[in-house]
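Student:
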Amino acid sequence: MDTTVFIFQLTVLLFSVVIHEVSHGVMALHLGDPTAKYAGRLTLNPLKHLDPIGSVILPIFLILMAKLMGGGIIFGWAKPVPINPYNFRDQKYGSAKVALAGPGSNLAVALFFGLALRFFPGLGTISGLYLMFSFIVYINILLAVFNLLPIPPLDGSHILFTFLPYSAQDIKIFLSRFGLFILLFIIFFFFRWLTLIINWIFALIVGAPFF
């Protein structure tokens, strides 16, 4: 395996999850909660956000497996930024806004690099640049789509719970209790369908399919 490619993929994933988490903290600060700021987490320095499993061990394992198997999912996460929702000025929708900020930041990164590929086709003539930009777009779309699943502990669950009526609290209790098992079930048996969505969004932004 090309060591340069390995390091690049790991770096892209790491900074993508860091941007994701910092965006949660920035939105929380905007809404009146300085917890992440006081904890020193509103920085893009990856060392402040590293999770030993989600930022190092799992991504390295998945990258190696993808190389050995000829393809596969590359995923990871950073340490969640500390948030105190009781500080939000918007008590009704604050949690949903903070949750949406993470996937929203990944989508913004995907749009920036994806539209660069779409409207500046000359980038494809620069050795390796098209492939690099494509991977940045793909991994950020993956992070956005996956985190929007309405299953705890993903961001989508916080958005769902914000809009669930009180009469549907049984759904919240069920998902909170069994969310991890549901998530693992989806990953093992339905991730192919998520991949189709990710590939469709990639083609929509870039104007060409992923490799």
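14 is the number that my numbering gives to position 9 of the sequence shown; each next residue is one higher, with no gaps.
Backbone N, C-alpha and C define an ideal beta-carbon position, used for all residues, glycine too.
Just to confirm, are G37 and P64 a CB contact at a threshold of 7 Å?
Tutor: No, the Cβ-Cβ distance between G37 and P64 is not below 7 Å.
Student: Specify, as a first and last residue, the run of the alpha helix (DSSP H) that P108 falls within.
Tutor: Run containing P108: G99 to F124, per the alpha helix (DSSP H) assignment.
Student: For A44, which residues in the same chain have their Cβ closer than 6 Å to its Cβ, ignoring the five residues on either side in sequence?
Tutor: These residues qualify, in order along the chain: P87.
Student: Can you name the start and end residues of the alpha helix (DSSP H) that F186 belongs to?
Tutor: First-last of the alpha helix (DSSP H) with F186: Q174 to F194.
Student: For the pair the stretch 150-162 and the stretch 97-108, tell me if three or more CB-CB distances fall below 8 Å.
Tutor: Segments in contact, yes.
Student: Determine the extent of the alpha helix (DSSP H) in which K72 is found, giving its start and end residues.
Tutor: That run of the alpha helix (DSSP H) goes L63 to M74.
Student: When the Cα atoms are used, what is the spatial distance from P39 to P90?
Tutor: Rounded to the nearest angstrom, the two C-alpha atoms are 10 Å apart.
Student: What residue does the alpha helix (DSSP H) around G161 start on, and which one ends it?
Tutor: Where G161 is concerned, the enclosing alpha helix (DSSP H) stretches over D160 to F168.
Student: In whole angstroms, what separates the C-alpha of L67 from that of V114?
Tutor: Roughly 22 Å between the two C-alpha positions.
Student: Give the straight-line distance between the Cα atoms of A173 and I156, rounded to the nearest whole angstrom.
Tutor: Roughly 15 Å separates the two Cα atoms.
Student: On a Cα-Cα basis, can you pick out the residue from A41, I24 and L122 that is closest to S60?
Tutor: Among A41, I24 and L122, the Cα nearest to that of S60 belongs to I24.
Student: Just confirm the distance between the C-beta atoms of N50 and P108, as a whole number of angstroms; I'd bet it's less than 8 Å.
Tutor: Between P108 and N50 the Cβ distance is about 22 Å, and since that is not below 8 Å, they are no contact.
Student: Rounding to the nearest angstrom, what Cα-Cα distance links A149 and A41 in this structure?
Tutor: Taking the straight line joining both Cα atoms gives about 21 Å.
Student: If you drop the 5 nearest sequence neighbours on each side, which residues of the same chain put their C-beta closer than 6 Å to that of L165?
Tutor: Around L165: P155.
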